[in-house]
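**Student:**
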Amino acid sequence: MIARWFESLRKALLPGLFALALLLGLAPAARAQGIELTSAAAHRQDGAILLDVTASVTLSKGVEDALRRGVPAYFTAEAAVYRSRWYWRDDRVARASRSWRLSFQPLTSAWRVSLAGFSQSYPSLEEAMTAITRLAHWKIAEPGSFDPDQPHLYVEFSYRLDASQLPRPMQLDLGAQADWRLGVERTLKVE
Numbered sequence: 800m801i802a803r804w805f806e807s808l809r810k811a812l813l814p815g816l817f818a819l820a821l822l823l824g825l826a827p828a829a830r831a832q833g834i835e836l837t838s839a840a841a842h843r844q845d846g847a848i849l850l851d852v853t854a855s856v857t858l859s860k861g862v863e864d865a866l867r868r869g870v871p872a873y874f875t876a877e878a879a880v881y882r883s884r885w886y887w888r889d890d891r892v893a894r895a896s897r898s899w900r901l902s903f904q905p906l907t908s909a910w911r912v913s914l915a916g917f918s919q920s921y922p923s924l925e926e927a928m929t930a931i932t933r934l935a936h937w938k939i940a941e942p943g944s945f946d947p948d949q950p951h952l953y954v955e956f957s958y959r960l961d962a963s964q965l966p967r968p969m970q971l972d973l974g975a976q977a978d979w980r981l982g983v984e985r986t987l988k989v990e
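Heads up, the sequence shown is in the working numbering, so the first residue is 800 and it goes up one at a time.
1) May I ask you to check if the CB of serine 957 is nearer than 7 Å to at least one heavy atom of the ligand NAP?
2) With distances taken Cα to Cα, identify the nearest neighbour of leucine 965 among Ala865, Ser838, Ala854.
3) Under 8 Å: do the stretch 836-851 and the stretch 916-931 share three or more Cβ pairs, one atom per stretch?
4) What first and last residue would you give for the beta strand (DSSP E) that runs through valine 852?
5) For glutamine 919, which residues in the same chain have their Cβ closer than 6 Å to its Cβ, ignoring the five residues on either side in sequence?
6) What span of residues does the alpha helix (DSSP H) with threonine 929 cover, start to end?
7) Taking 8 Å as the threshold (C-beta atoms), are proline 947 and aspartate 845 in contact?
8) For the structure I just gave you, are there three or more beta carbon pairs, one from the stretch 949-960 and one from the stretch 867-879, closer than 8 Å?
9) Leaving aside the five residues before and after threonine 853 along the sequence, list all residues of the same chain whose C-beta is less than 6 Å from its C-beta, in chain order.
10) For histidine 936, which residues does DSSP report across the bridge?
11) Starting from the C-beta of phenylalanine 805, find all residues in its chain whose C-beta is less than 8 Å away, skip the five residues before and the five after it, and write them out in chain order.
12) Going by CA-CA distance only, name the one from Ser923, Leu901, Leu849 that's closest to alanine 872.
13) If I'm right that alanine 915 touches tyrosine 921 with Cβ under 8 Å, what's the distance once you round it to whole angstroms?
14) What first and last residue would you give for the beta strand (DSSP E) that runs through arginine 868?
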């Protein structure tokens, strides 16, 4: 009888104690993952439209483990420039995309970032992620692709972990895993 009473008391108090431990910071916290844009701006320069973006990426433990085991990860940034029209759908005047390949080199314990055929090695994952998450003066619209006097231009920007470029056996297993679904979208006005 006393054992039942202690068991019911434990069941009643355990959720409250766990909530108190979370509030006090004593319980193990879940690791936050995701992509957040810390700064993003589109501006005109010499008749072209340039994009400056800084993102903060927090990888999940599953993604980091896969990277350390030799599975490359691909990050893709896409931007589309639109001209606003009141009488019809908005007109897309330009589109650009970039894709980075992040991989771990176990023999040298270095991280390699590849972009458009160029590669660079970094000693830590944090430095490699810094190279991937900063876009400076990215030309997304060439001069002549839009009217330079057009005042109502905006950019639809997206940045994501591209699971479609992973090896095929991994793609089959990733459908139910939220660890691999990282991305952010933003609409920016062209200044």
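All C-beta atoms in this analysis are idealised placements derived from N, C-alpha and C, irrespective of residue type, glycine included.
**Tutor:** Result, derived from the coordinates:
1) The ligand NAP is absent from the structure shown, which contains no ligand whatsoever.
2) Per the Cα distances, Ala865.
3) In this structure the stretch 836-851 does not touch the stretch 916-931; the number of beta carbon pairs closer than 8 Å is below three.
4) DSSP places valine 852 in the uninterrupted beta strand (DSSP E) bounded by 847-857.
5) Counting only Cβ-Cβ distances below 6 Å, and skipping sequence neighbours, we find Val912.
6) Here the alpha helix (DSSP H) through threonine 929 covers 924-931.
7) Their beta carbons are not under 8 Å apart, which means aspartate 845 does not touch proline 947 by this criterion.
8) At 8 Å Cβ cutoff, the stretches touch.
9) By the criterion of a C-beta distance shorter than 6 Å, threonine 853 is surrounded in its chain by Thr837, Ser838, Arg933, once the five residues flanking it on both sides are discounted.
10) Per DSSP, histidine 936 has no beta-bridge partner at all.
11) With a pLDDT of only 44 at phenylalanine 805, under the threshold of 50, the placement of this residue in the model should not be trusted; the figure read from the coordinates follows. Nothing meets the Cβ criterion.
12) The candidate whose alpha carbon is nearest that of alanine 872 is Leu901.
13) Actually they are not in contact, since the Cβ atoms of alanine 915 and tyrosine 921 sit about 17 Å apart, beyond 8 Å.
14) Looking at the DSSP string, arginine 868 is not in any beta strand (DSSP E), and its letter there is neither H nor E.
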